[in-house]
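This report concerns only the one structure given below.
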Amino acid sequence: MRFLVSLVAVLVLMGAAYFGSASSGGQYLFGVIIPYAAIALFIAGVLYRVLGWAKSPVPFRISTTCGQQRSLPWIKNSTLDNPHGTLGVLGRMALEVLFFRSLFRNTKAQIHGRPAFRFVYGADKYLWLGALAFHWSFLLIFIRHYRFFAEPVPGAVLGLQSLDGIMQVWVPSVLITNVLIIGALVYLWGRRLVNPQVRYISLAADHFPLLLLLSVAGTGAYMRYFSKVDLIGIKQLAMGLVSFAPVVPDGLAPLFFTHLFLVCVLFAYFPVSKLMHMGGIFFSPTRNLANNNRAARHINPWNYPVKVHTYEEYEDEFRDVMKAADMPVEKE
Amino acid sequence: MGELIFQDKKNVILERWRDSILNTYPRDTAGFLHREQDRFANPVGYVLTRETATLLDALLNGEPPSSTQVRNALDELVKIRAVQDFSAAEALEFILFLKRIVREAFHDEDPDPGELADFDIRVDRLILAAFDSYTNNRERIFTIRVNEIKNRSIKLLERANLLFAESGTQTHSDDGGTDPRGSKGG
Amino acid sequence: MAEKKLKPEELVQIELSPPAREWMDPSVNFRKGTWNYAAVPDTLDYLGLPNAGKWSPPDEEWPLPDNWQEIIHNGIKERLEKYRSFKVFMDICVRCGACADKCHFFIGSGDPKNMPVLRAELLRSIYRNDFTMAGKVLGKIAGGRKLSKQIIKEWFYYFFQCTECRRCSVFCPYGIDTAEITMIGRELLSLLGLGIEWVCTPLANCFRTGNHLGIQPHGFKDSLEFAVDELEEITGIRVNAPINKKGAEILFVAPSADYFASPHYYTLLGYLALFHELGLDYTWSSYASEGGNFGLFHSHEMIKRLNSKIYMEARRLGVKWIIGGECGHMWRVLNQYMDTMNGPADFLEVPVSPYTGTKFEHAASTKMIHISEFTADLIKHNKLNLDPRRNDHWVATYHDSCNPARSMGLLEEPRFIIKNVANNFHEMPENTIREQTFCCGSGAGLGTDENMEMRLRGGLPRANAVNYVKDKFGVNVLLCMCAIDKATLPPLLEYWVPGVEVAGVHELVGNALVMKGERPRTTDLRGEPMKGFGDAAGEEAQDV
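Residue numbers (this note's numbering), protein chains in the order written: chain A, 1 to 332; chain B, 1001 to 1186; chain C, 2001 to 2544.
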């Protein structure tokens, strides 16, 4: 089973960090060497992939149009779904990147023909919701972690955190994003197991990142709510890392190293995986190009001459019948 | 006739019948056919749901397979299966499922053998009607294929026919049934 | 009864649920009615295409060249370097499944490999295995597959079971376009000499004679003259159909099926009537008589080779600009490829309607506009005398053809025209029209007869929506603007929705167009009686 492979892989990684960080020198390895290596791999890898895409030209302007084109002045152009200019493209991309517009198209509420007529929402609405919940929570949590890397902590980060924690049902207050990200990940993974169609198409490379993220979020939440970890020490380590003067304070919990290691794996794995869709979306020619082919010529850098059938060749072959049929010819 | 007993179990029978029909598709597809409820996004599932109910009702009410309602419902189902990846037997076996399902449904209740036999006869008649429908639809496919090839260059053919017309033959003598213009509103 | 002693499931032995197979094990079943005939070697030779062989898809052994693996590997490599679309689409799919149930072939056939994501995975798995680190190291776990002859067969089966309609690409959160992947998949197959007859023969015909049936120039002229005769019989007016006329203002290019096929032909009559009534200074071309581009179903190079004729002919004839007729894939090429491939058209002028003065700025570079843009503009400016009652025998719905909808956005123009030429118009359900329109199931070279079952499966979602408006509103005609639609929707409807006809938008324009000096009309362009225009109503019609 493809998901078992992934599950085992994540468990092994967790175990390695948990026990590895307890050994002598383990803390330096997991606290300093691996994080640096992971970040280096991440940056180099992402650059390599992005430059690789950028290197391949866009020979044709093949936007997928999802609305009315701009043609006659009295017909309303649907600027965001069928952009004619740069502004429209920016708007379309913003909707796509920030709100997953195309995925949202999946949703529909309609009267259905099961024995009793009733309103049903397409199940795929949950995919959009789940994806949105996950991505936004991840972004906010990512930003929130900035508090470990800056002194003083910027006001915006603090503000974000207090906004996130308005649900005060626990001490420390439960962060909404924590609940959302775990819920969303469980849903996204669950549908890969339960929905037969999605299970059929899912690869190990689909289960693994979800489980990895789930383990990252899980260890993070556990540290926050259950096993209180040494935040001062963690900040010391983080500040040391960003100032390139790494120190590993004593007494950091193995669970923290596990969390950190899983994050490192995520960073290192990112460039070689489908997670690159984060960058790829900006390169997608069906979305990031205006549908103005007929107004402005698009240049194909490798456009090459091909063998064509010229009018002269055509007339040479058919001149007799053309003349017999009283059709005009170039050469008599 | 004990129709009431059958009516009692109708929903169970219907549900199981649909499930076993869905099971003739690959697993991942069955899930989609079952789950997607929009009749336009999932026409196969929609027809399946609607027509199995019609057919079962008709069977239990003892309607003859020659009635319009039964014929139409059957045709809708068979039409789809006639173009999918099924052999003739595979396409029609879903009707035979009913025999097993009914026996399962009444397994613990000692059904009257006479009634079961009666039900079996109705299923047998239905499958004969399905056989007709299947053959008709398959024949239709071949007619359509021929018509399409004709229509692809019909104006060239007509021009050729014109030559005959000049020598006394009627232009549109034999295309009344195949020319799409001939079947308008039919 | 003895029966009761048996367990219920033993009474009737039925095999349930086929064994669940992993998609990664290549398997393909060439069942009759689902695949297309192989290309004939002569046509490939004529076009100068490599590795032509004699074979048939169900054959156990296909005649592949000895170094076929190398050819495919290098073919993929070359295309990764040339097409960012291909490279990005190979990399970023997350298999979220949003596209899975958007494909008409999946919906109608229930074959899981018809889910767009899997169609792409058939190629993506080879890409991973050959070109990515993860695939090279982890192989199958990372979703990589080693190329095999069986996979080539699978490609052939499934890439010729995609109509390049782009519906999945509308729903994909990254805009991954299966049409792009299918096009490249077909290019790769073509490198091995594997093509289909209904793509390659029309290709060779179009290349040589200018139309897909291979009719020679005098035959083309005959066809147009025949149409002129028929139009005269119906309207009493003899129109002019100039061919290869130098110095005309406009070159008109239609898909070549319009000259020979039914019901395309009635749209042709519509064009002829419209152009005559306007007194348009235009010309047909026998050399560039096919706007429909079968190259799109074969390879980027073939698109360019066929499309080149239009600009070359415009230059030779000295026209100022170009109008294109009702066609689907043709307009994908004209809108998204022509200018890039064969432009710049700097020898032409920006199209300006001689009757309304409208300057078609949106075609400022290609200098080519769609007939419906031209006609909608005329109607908006009240330049046509239209009597929509002449279409009262039709209750119409409109099928957006895939490419004008999803590669262009030509949505409102045809609707505006229809509403002005017909009184009875009803839309199909929202999730089956406009950018969400369902394909006819026979596009991209699949519209031939040997794969009829596959086409009927693929067209089911479209037919089903037609059936709905037929029941609800009594719709009896499905309008469309695509030559492939006009050829393939009639059989589709004949099977699923008997009683609904197929017609072009300009056929209805031709019906409604009141021509100066016409004889009292009693029939439409098909020669069918019009409602309310019987002998008694003849007078009334003339008064309008």
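We put the CB at the ideal spot given by N, CA and C, even for glycine.
Distance between residue j and residue i (C-alpha atoms, nearest Å)
i, j, result
"Asp1057 of chain B", "Ser63 of chain A", "50 Å"
"Val1146 of chain B", "Asp2400 of chain C", "27 Å"
"Asn195 of chain A", "Gly2270 of chain C", "51 Å"
"Met2515 of chain C", "Asp2377 of chain C", "18 Å"
"Thr1024 of chain B", "Gln197 of chain A", "16 Å"
"Leu1077 of chain B", "Ser1066 of chain B", "16 Å"
"Ala1129 of chain B", "Tyr200 of chain A", "37 Å"
"Pro2354 of chain C", "Leu2386 of chain C", "19 Å"
"Glu2058 of chain C", "Phe2030 of chain C", "For clarity, residue 2058 of chain C is Pro in the given sequence; the question names Glu instead. One C-alpha to the other measures close to 6 Å."
"Arg1016 of chain B", "Glu1036 of chain B", "18 Å"
"Asp2222 of chain C", "Lys331 of chain A", "22 Å"
"Ile176 of chain A", "Phe1040 of chain B", "38 Å"
"His2264 of chain C", "Pro2490 of chain C", "11 Å"
"Glu1139 of chain B", "Val1012 of chain B", "36 Å"
"Trp2068 of chain C", "Glu2078 of chain C", "15 Å"
"Ser2285 of chain C", "Lys2246 of chain C", "10 Å"
Strand pairing of residue i, partner residues [DSSP]
i, result
"Trp2062 of chain C", "Paired residues: none, contrary to the question."
"Asp2368 of chain C", "In the sequence as displayed, the identity of residue 2368 of chain C is Met instead of Asp. Per DSSP, C:Ile2322."
"Thr2523 of chain C", "C:Pro2529"
"Phe2397 of chain C", "In the sequence as displayed, the identity of residue 2397 of chain C is Thr instead of Phe. DSSP output for Thr2397 of chain C lists C:Leu2478 as bridge partner(s)."
"Ala2038 of chain C", "C:Ile2196"
"Val2352 of chain C", "C:Lys2359"
"Leu2251 of chain C", "C:Thr2283 and C:Ile2322"
Coarse secondary structure for residue i, derived from DSSP in three states
i, result
"Trp1017 of chain B", "helix"
"Tyr1025 of chain B", "coil"
"Trp2023 of chain C", "coil"
"Ile2237 of chain C", "coil"
"Ala1105 of chain B", "helix"
"Thr2283 of chain C", "strand"
"Phe2425 of chain C", "strand"
"Leu2203 of chain C", "helix"
"Ala2345 of chain C", "coil"
"Leu2386 of chain C", "strand"
"Val2502 of chain C", "strand"
"Leu2513 of chain C", "strand"
"Ile2243 of chain C", "strand"
"Val308 of chain A", "coil"
"Phe2299 of chain C", "A small correction: the amino acid at residue 2299 of chain C is Ser; Phe does not occupy that position in the sequence shown. Coil at Ser2299 of chain C, not helix or strand."
"Asn293 of chain A", "coil"
Got a sec: which bits of the stretch 2449-2463 of chain C sit with their beta carbon under 7 Å from any beta carbon on chain B, in order along the chain? Listed in sequence order: Asp2449, Met2452, Glu2453, Leu2456, Arg2457, Leu2460 and Pro2461.
What residues from the stretch 2065-2081 of chain C come within 8 Å of chain A, judged by C-beta to C-beta, listed N to C? Residues passing the 8 Å Cβ filter: Leu2080 and Glu2081.
In chain order, what residues of the stretch 2408-2438 of chain C put their CB closer than 7 Å to some CB of chain B? Among the residues of the stretch 2408-2438 of chain C, those with a Cβ less than 7 Å away from any Cβ of chain B are Pro2429, Asn2431 and Thr2432, in the order of the chain.
Would you say the stretch 254-267 of chain A touches the stretch 292-302 of chain A, given that touching needs at least three Cβ pairs under 8 Å? With the cut-off at 8 Å, the stretch 254-267 of chain A and the stretch 292-302 of chain A do not touch.
Mind listing which residues of the stretch 2261-2288 of chain C have their C-beta closer than 8 Å to chain A's C-betas, in chain order? Of all residues in the stretch 2261-2288 of chain C, only Ser2286 and Tyr2287 come within less than 8 Å of chain A when Cβ atoms are compared, listed by chain position.
Does the stretch 3-14 of chain A come close enough to the stretch 204-212 of chain A that 3 or more CB-CB pairs lie under 8 Å? By the Cβ test, the stretch 204-212 of chain A is in contact with the stretch 3-14 of chain A, since at least three Cβ pairs between them sit closer than 8 Å.
Meets three-Cβ-pair contact criterion under 8 Å: the stretch 2488-2495 of chain C and the stretch 2317-2337 of chain C: No, the stretch 2488-2495 of chain C is not in contact with the stretch 2317-2337 of chain C.
Scan the stretch 35-64 of chain A for residues whose Cβ lies nearer than 9 Å to a Cβ of chain C and list them as they occur along the chain. Correct list: Arg49, Gly52, Trp53, Ala54, Lys55, Ser56, Pro57, Val58, Pro59, Phe60, Arg61, Ile62, Ser63 and Thr64.
Is the stretch 2469-2480 of chain C touching the stretch 2192-2199 of chain C, taking contact as three or more C-beta pairs under 8 Å? Using a C-beta cut-off of 8 Å, the stretch 2469-2480 of chain C makes no contact with the stretch 2192-2199 of chain C, since fewer than three inter-stretch Cβ pairs fall below that distance.
Please list, in chain order, the residues of the stretch 1136-1153 of chain B that have any C-beta partner in chain C closer than 9 Å. Residues of the stretch 1136-1153 of chain B with a C-beta atom less than 9 Å from some C-beta of chain C are Asn1137, Arg1140, Ile1141, Phe1142, Thr1143, Ile1144, Arg1145, Val1146, Asn1147, Glu1148, Ile1149, Lys1150, Asn1151, Arg1152 and Ser1153, listed in chain order.
Of the residues that make up the stretch 200-214 of chain A, which ones have a beta carbon closer than 9 Å to any beta carbon in chain B? If the cut-off is 9 Å between Cβ atoms, the stretch 200-214 of chain A has Tyr200 and Ile201 near chain B.
Give the residues from the stretch 2352-2370 of chain C that approach chain A closer than 9 Å (Cβ to any Cβ), ordered along the chain. Cβ contacts with chain A come from Thr2358, Phe2360, Glu2361, His2362, Ala2363, Ala2364, Ser2365, Thr2366, Lys2367, Met2368, Ile2369 and His2370.
What are the residues in the stretch 1015-1041 of chain B lying within 9 Å of chain A by C-beta distance? Residues of the stretch 1015-1041 of chain B whose Cβ lies closer than 9 Å to any Cβ of chain A, in chain order: Pro1026, Arg1027, Asp1028, Thr1029, Ala1030, Gly1031, Phe1032, Arg1035, Glu1036, Gln1037, Asp1038, Arg1039, Phe1040 and Ala1041.
Any contact between the stretch 1100-1115 of chain B and the stretch 2207-2227 of chain C? By contact I mean 3 or more CB pairs, one from each, below 8 Å. By the criterion of at least three beta-carbon pairs nearer than 8 Å, the stretch 1100-1115 of chain B is not in contact with the stretch 2207-2227 of chain C.
Would you call the stretch 2076-2095 of chain C in contact with the stretch 2133-2140 of chain C, where contact means no fewer than 3 C-beta pairs closer than 8 Å? Verdict: no, contact absent.
Report the residues of the stretch 2480-2498 of chain C with a CB closer than 8 Å to any CB of chain B, ordered along the chain. Listed by position along the chain: Ala2487, Thr2488, Pro2490, Pro2491, Glu2494, Tyr2495, Trp2496 and Pro2498.
If the cut-off is 8 Å on Cβ atoms, which residues from the stretch 81-92 of chain A count as contacting chain C, listed in chain order? Taking 8 Å as the Cβ-Cβ cut-off against chain C, the residues of the stretch 81-92 of chain A that qualify are Asp81, Asn82 and His84.
Should the stretch 2403-2417 of chain C be called in touch with the stretch 2279-2295 of chain C, which here means at least 3 C-beta pairs below 8 Å? By the criterion of at least three beta-carbon pairs nearer than 8 Å, the stretch 2403-2417 of chain C is not in contact with the stretch 2279-2295 of chain C.
The stretch 2100-2116 of chain C touching the stretch 274-293 of chain A, judged by at least three CB pairs closer than 8 Å: They do not touch, by the three-pair rule.
Examine the Cβ distances between the stretch 2061-2073 of chain C and the stretch 80-92 of chain A and report whether three or more of them are shorter than 8 Å. Two segments are said to touch when three or more pairs of C-beta atoms, one from each, lie closer than 8 Å; by this definition the stretch 2061-2073 of chain C does not touch the stretch 80-92 of chain A.
Select from the stretch 2288-2311 of chain C all residues with a C-beta closer than 9 Å to any C-beta belonging to chain B, and list them in chain order. Closer than 9 Å at the C-beta level to chain B, one finds no residue of the stretch 2288-2311 of chain C.
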